[in-house]
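Participant:
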Amino acid sequence: MTANDNYGDDHDHGHGHGHGTHDHDGHYVGNFDEAAKTWDDDPSKVERARKVAQLIVEALNPGPDTEVFEYGSGTGLVSEALAPFVGTITLSDPSEGMRSAIANKITRGTLPSTSRIWTTDLDSEPAPPETFDLVVAVQVLHHVGDLNKVLNSFATLTKAGAHLAICDLEAEDGSFHGEGFGGHHGFHRSELAEHLRSAGFARVSFEHAYDIERDGRSYPLFLAIATR
């Protein structure tokens, strides 16, 4: 497997995380509402958000007309980094504390005043009747219960010819989260690509995003760009 893999046809078209699960670094967090208060205090979280936003911008070259939906957004760090390069942003997170942090950023001007906040949980709810030019999910997918349901919802939310950007863990042995984690132990690129094709995405490309160092081990994460 190379650092840059492509799956699908050759042509191009025109932190759903629960309250009692793990945080995006893999450390157990019993309540994301509480974690939201200090979420942005970790420089590594901020830097990784900037990194994945940079990769998305380099891959897709969005513009001021690009309407973005970030699912499982946490405090909105990725959207914050994307904001100078895109148009309107809609952020969704099931945690009230995370949504409160987003609202504070909108008030302060850290996020654009036009930003919207949703409570959508695609694991248990249908996708809202809107579509976007770019759907983003960063370190969220390994937390979802029904993978195909969520990917189908992503497809519903993505305009024809538009893109889905997923940053998540490469397949690992379960040590990243440890015992008791009920989600996915990362993803094999080829298997995720097949799930995305089944959901209605025509072409999927992968590249290395960054690594997370934990307990003396390095866990790589990929950025997948899927075209609707």
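Read in order, the letters of the sequence shown are residues 7 to 234 in our numbering. The beta-carbon is built from N, C-alpha and C at its ideal position, and this holds for glycine as well.
For Pro226, which residues of its own chain have a beta-carbon under 7 Å away from its beta-carbon, when the five flanking residues on both sides are left out?
Facilitator: Along the sequence shown, read from residue 1 onward, the residue named residue 226 stands at position 220. Counting only Cβ-Cβ distances below 7 Å, and skipping sequence neighbours, we find Glu176, His214, Asp217.
Participant: Give a yes or no on contact between the region 154 to 164 and the region 184 to 191, applying the rule of three or more CB pairs nearer than 8 Å.
Facilitator: no
Participant: Secondary structure at Gly22, three-state DSSP: helix, strand or coil?
Facilitator: Sequence index remark: in the sequence shown, residue 22 carries index 16 (1-based). Its pLDDT being 40, under 50, Gly22 is placed unreliably by the model, and nothing is read from it.
Participant: As a quick exercise: from Gly151, Ala65, Arg234, Ala89, pick the residue whose alpha carbon is nearest that of Arg122.
Facilitator: Counting from 1 along the sequence shown, the entry for residue 122 is found at position 116. The shortest Cα separation from Arg122 among Gly151, Ala65, Arg234, Ala89 belongs to Ala89.
Participant: Just curious, the beta strand (DSSP E) that Asp127 is in, first and last residue?
Facilitator: Position 121 of the sequence shown, counted from the first residue, corresponds to residue 127. Neither: Asp127 is in no beta strand (DSSP E) and is coded neither H nor E.
Participant: Let me check one thing: in DSSP terms, what residues is Val63 bridge-paired to?
Facilitator: The sequence position of residue 63 within the sequence shown is 57, counting from 1. According to DSSP, which records beta bridges pairwise, Val63 is partnered with nothing at all.
Participant: To the nearest angstrom, how far is it from the Cα of Glu76 to the Cα of Thr233?
Facilitator: Against the sequence shown, residue 76 aligns to sequence position 70. Against the sequence shown, residue 233 aligns to sequence position 227. The alpha-carbon atoms of Glu76 and Thr233 are separated by roughly 16 Å.
Participant: In angstroms, rounded to a whole number, what distance separates the CA positions of Phe228 and Gly115?
Facilitator: In the sequence shown, the residue the question calls residue 228 occupies position 222. In the sequence shown, the residue the question calls residue 115 occupies position 109. Using only the alpha carbons, I get a separation of about 30 Å.
Participant: Looking only at its chain, what residues have a beta carbon closer than 6 Å to the beta carbon of Ile279, apart from the 5 residues adjacent to it on each side?
Facilitator: Within the shown structure, residues of the chain are numbered from 7 to 234, placing residue 279 beyond reach of any answer.
Participant: What is the rounded straight-line gap between the Cα of Leu147 and the Cα of Val141?
Facilitator: On the sequence shown, residue 147 is found 141 positions in, with the first residue counted as 1. On the sequence shown, residue 141 is found 135 positions in, with the first residue counted as 1. One C-alpha to the other measures close to 13 Å.
Participant: Val144 and Asp129: beta carbons closer than 8 Å?
Facilitator: If you number the sequence shown from 1, residue 144 lands on position 138. If you number the sequence shown from 1, residue 129 lands on position 123. Contact: no.
Participant: What did DSSP end up calling Phe149 once you bin it into helix, strand or coil?
Facilitator: The residue labelled residue 149 in the question sits at position 143 within the sequence shown. Looking at the sequence itself, residue 149 is His, so the reference to Phe does not match. Correct three-state label for His149: helix.
Participant: In the structure shown, what three-state DSSP assignment does Gly36 receive?
Facilitator: The residue labelled residue 36 in the question sits at position 30 within the sequence shown. The predicted model places Gly36 with a pLDDT of 41, which falls under 50 and marks its position as unreliable, so this point remains unresolved.
Participant: Going straight from the alpha carbon of Pro100 to that of Pro134, what length do you get?
Facilitator: By 1-based counting over the sequence shown, the position of residue 100 is 94. By 1-based counting over the sequence shown, the position of residue 134 is 128. When rounded, the separation of the alpha-carbon atoms in Pro100 and Pro134 is 15 Å.
Participant: Using a threshold of 8 Å, state whether the C-beta atoms of Val52 and Cys173 are closer than that.
Facilitator: Taking the sequence shown and counting its residues from 1, one reaches residue 52 at position 46. Taking the sequence shown and counting its residues from 1, one reaches residue 173 at position 167. For Val52 and Cys173, no; Cβs fall outside 8 Å.
Participant: Can you tell which of His183, Phe193, Ala199 has its C-alpha closest to the C-alpha of Glu219?
Facilitator: Position 213 of the sequence shown, counted from the start, is the residue given in the question as residue 219. Closest by alpha carbon: His183.
Participant: Grouping DSSP H, G and I as helix and E and B as strand, with all else coil, what is His30?
Facilitator: Here residue 30 refers to the residue found at position 24 of the sequence shown. Residue placement at His30 is flagged as unreliable, the pLDDT there being 45, under the threshold of 50; a coordinate-derived value is accordingly withheld.
Participant: Verify whether the separation of the beta carbon atoms of Leu5 and Ala166 is less than 8 Å.
Facilitator: For the chain, the structure presents residues 7 to 234; residue 5 sits outside this window and is missing.
Participant: Select from Gln60, Ala41, Asp139, Leu170 the residue whose C-alpha is nearest the C-alpha of Gly206.
Facilitator: As a working note, residue 206 is residue 200 in the sequence shown. Out of Gln60, Ala41, Asp139, Leu170, Leu170 has the C-alpha closest to the C-alpha of Gly206.
Participant: From which residue to which residue does the beta strand (DSSP E) around Lys165 run?
Facilitator: Start at 1 with the first residue of the sequence shown, and residue 165 comes out as number 159. Here the beta strand (DSSP E) through Lys165 covers 164 to 175.
Participant: By the DSSP assignment, the alpha helix (DSSP H) with Ala199 in it spans what residues?
Facilitator: Indexing the sequence shown from 1 puts residue 199 at position 193. That run of the alpha helix (DSSP H) goes 195 to 205.
Participant: Measure the Cβ-Cβ separation of Gly103 and Phe193 and say whether it is below 8 Å.
Facilitator: Within the sequence shown, the letter at position 97 stands for residue 103. Within the sequence shown, the letter at position 187 stands for residue 193. It is not a contact, given that the beta carbons lie outside the stated cut-off.
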